[in-house]
Amino acid sequence: MERESMEFDLVVVGGGPSGLATAIKFAQLAAESGDEFTVCLVEKGSEIGAHVLSGAVVEPRALNELIPDWQERGAPLTNPVTDDDFYYLVDDHQELLHLR
Numbered sequence: 001m002e003r004e005s006m007e008f009d010l011v012v013v014g015g016g017p018s019g020l021a022t023a024i025k026f027a028q029l030a031a032e033s034g035d036e037f038t039v040c041l042v043e044k045g046s047e048i049g050a051h052v053l054s055g056a057v058v059e060p061r062a063l064n065e066l067i068p069d070w071q072e073r074g075a076p077l078t079n080p081v082t083d084d085d086f087y088y089l090v091d092d093h094q095e096l097l098h099l100r
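For what it's worth, our numbering labels the leading residue of the sequence shown as 1, then goes sequentially.
Written as structure tokens, this is what we have:
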């Protein structure tokens, strides 16, 4: 039985933050070197981010380093976090914990 195969220089498994960062940085370094490399990102979800459970809260410092012009390119991150609270949930109420 003959199977179709594809060859890549880099295969990244998982389209989470680490996998995406790895694929993007590799592609950037390849472009800077002037060499042509192929990258394949394999994700089990139907689309990138399908399994992200963080509530889409993103710390942008790493994103700024990886893709400095991400805001100008129209990335759909438009509501910066301005405050942060942590609640301890008890049987019938919640208690705000002051961690600052």
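Positions of the beta carbon are idealized from the N, C-alpha and C atoms, including for glycine.
Spatially closest choice to residue i from the options, by CA coordinates
{"i": "Val42", "options": "Pro68, Glu59 and Val13", "result": "Val13"}
{"i": "Lys44", "options": "Gly16, Ile67, Ser33 and Glu59", "result": "Gly16"}
{"i": "Thr82", "options": "Val58, Phe26 and Met6", "result": "Val58"}
Simplified DSSP state of residue i, which is helix, strand or coil
{"i": "Phe37", "result": "coil"}
{"i": "Leu77", "result": "coil"}
{"i": "Leu63", "result": "helix"}
{"i": "Phe8", "result": "coil"}
Beta-carbon proximity list for residue i, same chain, < 6 Å, skipping 5 on both sides
{"i": "Leu116", "result": "This structure cannot settle anything about residue 116, because the visible part of the chain is limited to 1 through 100."}
Neighbourhood of residue i by C-beta distance below 7 Å, restricted to the same chain and skipping five residues each side
{"i": "Glu95", "result": "Tyr87 and Tyr88"}
Residue interval of the beta strand (DSSP E) (run including residue i)
{"i": "Glu95", "result": "Gln94 to Leu97"}
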